[in-house]
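Participant:
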Amino acid sequence: MLQRLEEIRESGLAKIAAASDVDTLQDVRRELTGKKGELTEVLKSLGKLEPDMRKPVGMKANEIKEFFQEKIKEREAEIVSTQSVLDEPIDLTLPGKMPTAGALHPITQMCYDLNDAFLSLGFEIFNEDDISSEKYAFDNLNFPADHPARQSMDTYWLEGTEDKSGAERLCLRPHLTGGSVRYLLKYGAPARFVYPGRVYRNENTDARHERAFFQYEALIVDKNITFSSGKVMIETILEKVFGRKINTRMREGFFPFTEPGYEIDMECLVCGGKGCRVCNQNGWIEVMPGGVINPNVLKSAGLDPDEWTGFYTNIGLDRLVMMRYGVDDVRLFHSADLRFLKQFK
């Protein structure tokens, strides 16, 4: 019987090694160690053996059974590690495919370029949430109570806060300027910082306007800040971003948070100043409002307007990207159309 067990061991080891897949290996497992397997039959017949043979035969059978279980486990691991999940074998002689590489969105790239430019001038970068309030979006910025920008036709107010006011009446921020008061209340003056981000306006879309778009605002607050300092800052930033001097002009404009305020235009780079649909055929495009910070805004920030002054500039980030690449429709940047965006890798 011991000789028979040794034969079962050798033949079983060969069957385990020959199994080429998990299903076949399971059949071998049942054949060798299952209820109807050869070893089980040997163990059932121990009572028919001579008394002095029962113990060595039983020990040998159990030893071989454990040996089979270990070898089956090892073989299963080998099969799984080499088994392909493909229906067909891989042809290793075929040329490989280059992995698809991503790239920054052109608006994100412009934002980073502006960050670098302002950091080189000693500015800090400040961020705030997309949800603002009536207090920070309007009250602190000297907007009159009846100003049209407060209406739902222009600002997205959050449902459930319509009957509230001030800090409790919430909205998607219609501009970044409210962040200036948040910063000054927290850090005080003097201050020199930028705060980029997305803003939201309830308006019709066209080649120059979107309902959700990006702005990039900068503010200097110090003693005896002159208007010419702000103008030099704007020209310096545009030259850094575009790599050459950019023609600009400043027109008088009204903004509740500035006094005086200006519309700052740059020569349209889509048409080279000749006139196109982007610049409304006049060769210039408004890219940023700006001006001297209103004394009432300084008071909202806890600063004395007789001691401190400042200069705002709010860059229309999307429009600046349009100028950089000569794109004539701002909506393309927000379309998620990869055919368009792949041009900017």
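Going letter by letter, the sequence shown gives residues 834 to 1178 in the working numbering. By construction, the Cβ of each residue, glycine as well, lies at the ideal position given by its N, Cα and C atoms. Values in this document were obtained by computation on a predicted structure and should not be read as measured data.
1. I need the straight-line Cα distance from Glu-911 to Gln-836, nearest angstrom please.
2. If we require 3 or more residues per run, which beta strand (DSSP E) segments fall completely within the region 914–994?
3. Output the distance between the C-alpha atoms of Ser-1133 and Pro-939, rounded to the nearest integer angstrom.
4. To the nearest angstrom, how far is the alpha carbon of Phe-959 from that of Asp-1161?
5. Spatial neighbours of Gly-999 within its chain, please: C-beta separation below 8 Å, excluding the five flanking residues on both sides.
6. Return the residue from the list Lys-1107, Gly-870, Ile-841 and Gly-1123 that minimises the CA-CA distance to Asn-1144.
7. Pick helix, strand or coil for Pro-1183, following the three-state DSSP scheme.
8. Run through DSSP, which three-state label would Gln-859 get?
9. Compare the beta carbon distance of Cys-1104 and Gly-1116 with 8 Å and say whether it is the shorter of the two.
10. Going by beta carbon distance, what residues of the same chain come within less than 8 Å of Pro-1089, once the five residues before and after it are set aside?
11. With 16 as the cutoff for other CB atoms within 10 Å, does Phe-1166 come out buried or exposed?
12. Rounded to a whole number of angstroms, what is the C-alpha to C-alpha distance between Val-1125 and Thr-1146?
13. With DSSP run on the structure shown, which of helix, strand or coil describes Pro-884?
14. Could you have a look at Gln-836 and say whether DSSP puts it in helix, strand or coil?
15. Strictly by DSSP, which residues pair up with Asp-1098?
16. Is the region 895–915 touching the region 865–878 in the sense that three or more CB pairs, one from each, lie closer than 8 Å?
17. Nearest to Gly-1159 by CA position, among Glu-1096, Thr-926 and Arg-1041, is which residue?
18. Less than 8 Å between C-beta atoms, sequence neighbours within five positions excluded: which residues of the same chain meet that for Asn-1035?
19. Just to confirm, are Ile-841 and Leu-882 a CB contact at a threshold of 8 Å?
20. Taking the straight line between their C-alpha atoms, what separation do you get for Ser-878 and Leu-858?
21. Is the CB-CB distance between Glu-1119 and Asp-1098 below 8 Å?
22. Taking 8 Å as the threshold (C-beta atoms), are Met-1121 and Ile-1148 in contact?
23. For Gln-1048, which of helix, strand or coil comes out of DSSP?
24. If I'm right that Leu-947 touches Ile-1067 with Cβ under 8 Å, what's the distance once you round it to whole angstroms?
25. Start and end of the beta strand (DSSP E) containing Gly-1149?
26. Within its chain, find whatever has a CB closer than 8 Å to the CB of Arg-1110; leave out the 5 residues flanking it on each side and keep chain order.
27. Just confirm the distance between the C-beta atoms of Leu-1005 and Ile-964, as a whole number of angstroms; I'd bet it's less than 8 Å.
28. So, with DSSP's three-state summary, where would you put His-1042?
29. Output yes or no for whether 8 Å exceeds the beta carbon distance between Arg-1164 and Met-943.
30. In chain order, what residues of the same chain lie with their CB nearer than 6 Å to the CB of Phe-1177, ignoring the 5 residues before and after it?
31. Please confirm whether Lys-904 and Leu-846 have their CB atoms less than 8 Å apart.
Facilitator: From the atom records:
1. Glu-911 and Gln-836: Cα-Cα distance of roughly 30 Å.
2. Segments of the beta strand (DSSP E) lying fully in the region 914–994: 964–966.
3. 36 Å
4. 30 Å
5. Ser-966, Glu-967, Lys-968 and Asp-972
6. In the sequence as presented, Asn is not what sits at residue 1144; that position holds Phe. Closest option to Phe-1144, Cα to Cα, is Gly-1123.
7. Nothing about residue 1183 can be read from this structure; the chain reaches only from 834 to 1178.
8. helix
9. yes
10. Leu-974, Asn-975, Phe-976, Pro-977, His-980 and Asn-1127
11. It is buried - the Cβ of Phe-1166 has at least 16 other Cβ atoms within 10 Å.
12. 9 Å
13. helix
14. helix
15. Arg-1082 and Glu-1119
16. yes
17. Arg-1041
18. Ser-985, Met-986, Asp-987, Thr-988, Tyr-989 and Arg-1044
19. no
20. 26 Å
21. yes
22. yes
23. In the three-state reduction of the DSSP assignment, Gln-1048 falls in the strand class, which pools E and B.
24. No, Leu-947 and Ile-1067 are not in contact; Cβ-Cβ is about 12 Å, not under 8 Å.
25. For Gly-1149, the enclosing beta strand (DSSP E) starts and ends at 1142–1149.
26. Ala-1040 and Asp-1161
27. 6 Å
28. Three-state result, His-1042: strand.
29. no
30. Pro-939
31. yes
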